[in-house]
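S.K.: Let me give you the structure first, and then I'll get to my questions.
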Amino acid sequence: MISVVIPVYNEEESLPILHGELDAAFARLGAEVEFIFVDDGSRDGSWRAIAEIAARDPRVGAIRFRRNFGKASALTAGFQRARGDRVFTLDADLQDDPAEIPRFLERIDSGLDVVSGWKRTRHDPWHKVYPSRVFNAMVSRLTGCRLHDHNCGFKAYRAEVIREVGIYGELHRFVPALAHARGFRVGEIEVNHRRREHGRSKYGFSRFLKGFLDLLTVVFLTRFRQRPLHVIGGTGLALSALGVLGMVYLALLWAFEHSIGEPTQPIGVRPLLSYSMSLLIVGAQLFSLGFLAELVTSYGLRASDTYSVAETIGAEGRDVAAPPAPPPTSEAP
Numbered sequence: 008m009i010s011v012v013i014p015v016y017n018e019e020e021s022l023p024i025l026h027g028e029l030d031a032a033f034a035r036l037g038a039e040v041e042f043i044f045v046d047d048g049s050r051d052g053s054w055r056a057i058a059e060i061a062a063r064d065p066r067v068g069a070i071r072f073r074r075n076f077g078k079a080s081a082l083t084a085g086f087q088r089a090r091g092d093r094v095f096t097l098d099a100d101l102q103d104d105p106a107e108i109p110r111f112l113e114r115i116d117s118g119l120d121v122v123s124g125w126k127r128t129r130h131d132p133w134h135k136v137y138p139s140r141v142f143n144a145m146v147s148r149l150t151g152c153r154l155h156d157h158n159c160g161f162k163a164y165r166a167e168v169i170r171e172v173g174i175y176g177e178l179h180r181f182v183p184a185l186a187h188a189r190g191f192r193v194g195e196i197e198v199n200h201r202r203r204e205h206g207r208s209k210y211g212f213s214r215f216l217k218g219f220l221d222l223l224t225v226v227f228l229t230r231f232r233q234r235p236l237h238v239i240g241g242t243g244l245a246l247s248a249l250g251v252l253g254m255v256y257l258a259l260l261w262a263f264e265h266s267i268g269e270p271t272q273p274i275g276v277r278p279l280l281s282y283s284m285s286l287l288i289v290g291a292q293l294f295s296l297g298f299l300a301e302l303v304t305s306y307g308l309r310a311s312d313t314y315s316v317a318e319t320i321g322a323e324g325r326d327v328a329a330p331p332a333p334p335p336t337s338e339a340p
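Written as structure tokens, this is what we have:
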């Protein structure tokens, strides 16, 4: 079973064409498939178009949100409904080409857990292309997940990836990075990026600002989720150390000037005193915040959040059942 999850937002004209292309792609594959359309609060006739498609094709399932909750929520709803052991995601704007699906499956079957599309040649305005390249390079550098195009919505996953990696807010573009942090094997293939023929883009410049903030969230979650004191408390200790150094310098300066009897300026009017005191206070607050974060983490962290199991052999669980007793043998009279 293969599941295809398609988030939809105001794509009424594209949906019948997309369904036809998906149907043709899987007809060539001969695989069992389900199509899950998630209407993320569309204000046009997208839901009506999905309902008409579902009436003709029993493989189509659909979810409609009461309002626009965002792409991450749409994907999460689709993932929860997906029954396949391999799950595809692609956008409904026809810029992703369903004819590429067999190539994704080949990479999944070769041993990868996540395959992300790479739009090497993009048919988007320059003010989207170049900031996106800078952003992708930054994500690869900070997360260690080396992909050319983290933003591409055309991806394929093994089902265990989407079961383990939770997304919210706008973290959908970072699923490969989150999966990589848990030890899953991530790769990419070049895909055909087509021009938009219907509707208009849903993303503006604010996408990059939000993406940078989400990147900081991902870096924190992947590196310090289980040990927040290391980053918060470490920063607090560093600031406190700077404050102590400033205070020690002022103390030594005061002692030296009074030893030679020539004080030049009272310590209390020096700006360094205010800076040092501020560093000490902020450092102590961050250190305390780090301890509180550790308490929250220890309370809410599940054991399964600390590791990811690839496979097991033998009995599951702590108790191993005893082997069955041999059948009684009858004795000769």
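Note that this note's numbering has the sequence shown beginning at 8, numbered continuously upward. Just so it is clear, CB atoms sit at the ideal spot from N, CA and C, and this is done for glycine as well.
(1) Using the Cα positions of valine 251 and phenylalanine 298, report the straight-line distance between them to the nearest angstrom.
(2) Starting from isoleucine 57 and walking both ways along the alpha helix (DSSP H), at which residues does that stretch end?
(3) Exposed or buried, aspartate 51, counting other C-beta atoms within 10 Å across all chains shown (16 or more means buried)?
(4) Going straight from the alpha carbon of leucine 280 to that of phenylalanine 231, what length do you get?
(5) Taking isoleucine 239 as the reference, give the member of Ala300, Ala262 and Ile288 with the closest Cα.
(6) Can you have a look at valine 12 and say buried or exposed, based on whether 16 or more other CB atoms are within 10 angstroms of its CB?
(7) For glutamate 18, which option in Ala81, Asp98 and Arg74 has the closest C-alpha, if you only look at C-alpha atoms?
(8) For threonine 96, name the three-state secondary structure that DSSP assigns.
(9) Assuming tyrosine 164 contacts valine 198 under a Cβ cut-off of 8 Å, what Cβ separation, rounded to an integer in Å, is found between them?
(10) Going along the chain, which unbroken runs of the alpha helix (DSSP H) with 4 or more residues stay wholly within the stretch 124 to 170?
(11) Am I right that serine 367 and leucine 22 are in contact with their C-beta atoms under 8 Å? What's the rounded C-beta distance?
(12) Distance, Cα to Cα, glutamate 204 vs valine 289?
(13) If you follow the alpha helix (DSSP H) that alanine 89 is part of, which residue opens it and which one closes it?
(14) Quick one, which of Val45, Asn75, Arg74 and Phe72 has its alpha-carbon nearest alanine 61's?
(15) Exposed or buried, which one is lysine 162 when buried takes at least 16 other CB atoms within 10 Å?
(16) Specify, as a first and last residue, the run of the alpha helix (DSSP H) that phenylalanine 111 falls within.
(17) With DSSP run on the structure shown, which of helix, strand or coil describes serine 10?
(18) Taking only the alpha-carbon atoms, compute the straight-line gap between valine 303 and proline 235 and give it to the nearest angstrom.
M.R.: Walking through what the data contain:
(1) For this step, residue 251 is matched to residue 244 along the sequence shown. For this step, residue 298 is matched to residue 291 along the sequence shown. Straight across, the Cα-Cα distance linking valine 251 with phenylalanine 298 is about 21 Å.
(2) Residue numbering aside, residue 57 sits at position 50 when the sequence shown is read from its first letter. Residues 53 to 63.
(3) For the purposes of this step, residue 51 is taken as the residue at position 44 of the sequence shown. Looking at its Cβ environment, which holds fewer than 16 other Cβ atoms inside 10 Å, aspartate 51 is exposed.
(4) As a position in the sequence shown, residue 280 is number 273, starting the count at 1. As a position in the sequence shown, residue 231 is number 224, starting the count at 1. Just so you know, the alpha carbons of leucine 280 and phenylalanine 231 end up roughly 33 Å apart.
(5) The count along the sequence shown starts at 1 and reaches residue 239 at position 232. It is Ala300 whose Cα lies nearest to the Cα of isoleucine 239.
(6) Locating residue 12 in the sequence shown gives position 5, counting from the first residue. Burial call: buried.
(7) Residue numbering aside, residue 18 sits at position 11 when the sequence shown is read from its first letter. The residue among Ala81, Asp98 and Arg74 with its C-alpha nearest the C-alpha of glutamate 18 is Asp98.
(8) Looking up residue 96 in the sequence shown gives position 89. Under the three-state reduction of DSSP, threonine 96 is assigned to strand.
(9) Working through the sequence shown from its first residue, we reach residue 164 at position 157. Working through the sequence shown from its first residue, we reach residue 198 at position 191. Not a contact, Cβ separation roughly 16 Å.
(10) Runs found: 133 to 150.
(11) A question about residue 367 goes unanswered here, because the residues of the chain that appear run from 8 up to 340.
(12) What you label residue 204 is simply residue 197 of the sequence shown in a count that begins at 1. What you label residue 289 is simply residue 282 of the sequence shown in a count that begins at 1. If you take the alpha carbons of glutamate 204 and valine 289, they lie about 54 Å apart.
(13) For this step, residue 89 is matched to residue 82 along the sequence shown. In the DSSP annotation of this structure, alanine 89 is not part of any alpha helix (DSSP H), being labelled neither H nor E.
(14) The residue given as residue 61 occupies position 54 in the sequence shown. Measuring from the Cα of alanine 61, the nearest candidate turns out to be Val45.
(15) Against the sequence shown, residue 162 aligns to sequence position 155. So lysine 162 counts as buried.
(16) Taking the first residue of the sequence shown as 1, we reach residue 111 at position 104. Annotation for phenylalanine 111: the continuous alpha helix (DSSP H) segment containing it runs 108 to 116.
(17) Against the sequence shown, residue 10 aligns to sequence position 3. Secondary structure at serine 10: strand, using DSSP grouped into helix, strand and coil.
(18) Against the sequence shown, residue 303 aligns to sequence position 296. Against the sequence shown, residue 235 aligns to sequence position 228. Valine 303 and proline 235: Cα-Cα distance of roughly 10 Å.
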